[in-house]
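Count the sequence shown with this note's numbering and you get residues 1 to 234, in order.
Don't be surprised by glycine CBs; every beta carbon is placed ideally from N, CA and C.
If you're wondering where the values come from, they're calculated on a predicted model, not measured in any experiment.
Encoded as structure tokens, the structure appears first; notes follow it.
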Amino acid sequence: MTARERILLVDDEVALQRSVATLLRSRGYDVVVSATGHDALHQAEHAPPDLVVLDLGLPDLDGIEVCRRMRALGPAPIIVLSARTAEADKVAALDLGADDYVTKPFGPEELLARIRVALRRRADAVNDASGVLEAGGLVIDHDRRRVVRDGDEIRLTPKEFELLTLLARNHDRVLTHRAILKAIWGGNAVEQPEHLWTLMSQLRKKIEIDPTQPRYLLSEPWVGYRFSTREPSS
1 MTARERILLV DDEVALQRSV ATLLRSRGYD VVVSATGHDA LHQAEHAPPD
51 LVVLDLGLPD LDGIEVCRRM RALGPAPIIV LSARTAEADK VAALDLGADD
101 YVTKPFGPEE LLARIRVALR RRADAVNDAS GVLEAGGLVI DHDRRRVVRD
151 GDEIRLTPKE FELLTLLARN HDRVLTHRAI LKAIWGGNAV EQPEHLWTLM
201 SQLRKKIEID PTQPRYLLSE PWVGYRFSTR EPSS
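Okay, structure coming up:
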């Protein structure tokens, strides 16, 4: 029998604890609930979860700090679940290692979908040793530096391939503008987002069938980008 995936739910709202824990357990997950940052870190250190759902408004520690410490403990995906909608909070959490950010109020199916994607991404990172990512009709061969869409090879510049590879290796996870700029152009470029905007526009024209309605290279407005392996909704 396959062990159930363990989710650590960190939130001090009792009503939300009950509703989300019940939802997750009904879908077959093993759920552990923590109401404080310190207890959550203790739980994560002594019984590492497969995924963390983390509220930012905790009574003892700021959720951003919990996110930072949680990431230092291990690779479990972190989905921030918070009433905070400010771009600065999203960017801070994502820069410190969160994999996704869901704002309250939220739909249960949306949360479940984000959890499935994060867990699948973690499994892919563990199991994929080939250096090849396939999503829809797009194939990215990191080792051979080849990109093929629907059987046709796409020629990319070195910087275009570097950006695509960075996003693809972190597929289904939001990378902030700052993180991407630092990875590709170095620390001195983090205040020059126009470099990234231009490069992304060029890359979409080559990768996407319709660059105005991207399938793979998705924007998180004012925050960053993600490479999506999910099929577009009909």
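- Rounded to the nearest angstrom, the gap between the Cα atoms of Val190 and Glu162 is 17 Å.
- The DSSP-derived three-state label of Gly37 is helix.
- Shown here, Leu61 sits in coil according to DSSP, grouped into three states, outside any helix or strand.
- As a beta-bridge residue in DSSP terms, Gly224 pairs with Thr176, Glu220.
- Arg27 carries a coil assignment under DSSP once its states are collapsed to helix, strand and coil.
- Contact check for Arg226 and Arg173: beta-carbon distance about 6 Å, within the 8 Å limit, so the pair qualifies.
- When beta bridges are read from the DSSP output, Leu16 appears opposite no residue.
- Here Gly137 has Arg149, Asp150 as same chain residues with Cβ atoms under 7 Å from its own Cβ, once five neighbours each way along the sequence are excluded.
- Bounds of any alpha helix (DSSP H) do not take in Asp11, whose DSSP letter is neither H nor E.
- DSSP assignment within the stretch 63-144 yields the following whole beta strand (DSSP E) runs of 3 residues or more, N-terminal first: 78-82, 100-103, 132-135, 138-141.
- Each residue's CA atom was taken as its position, placing Val32 and Leu175 some 28 Å apart.
- Distance check between Leu96 and each of Val14, Ser219, Val80 places Val80 closest, using alpha-carbon atoms only.
- Inclusion of Val10 and Ala40 in the CB contact set at 8 Å is warranted, their separation being smaller than that value.
- Looking at the backbone, the Cα of His46 and that of Val52 are separated by about 14 Å.
- Asp55 counts as buried, since at least 16 other C-beta atoms from the protein chains shown sit within 10 angstroms of its C-beta.
- In the DSSP annotation of this structure, Leu54 is not part of any alpha helix (DSSP H); the continuous beta strand (DSSP E) holding it starts and ends at 51-54.
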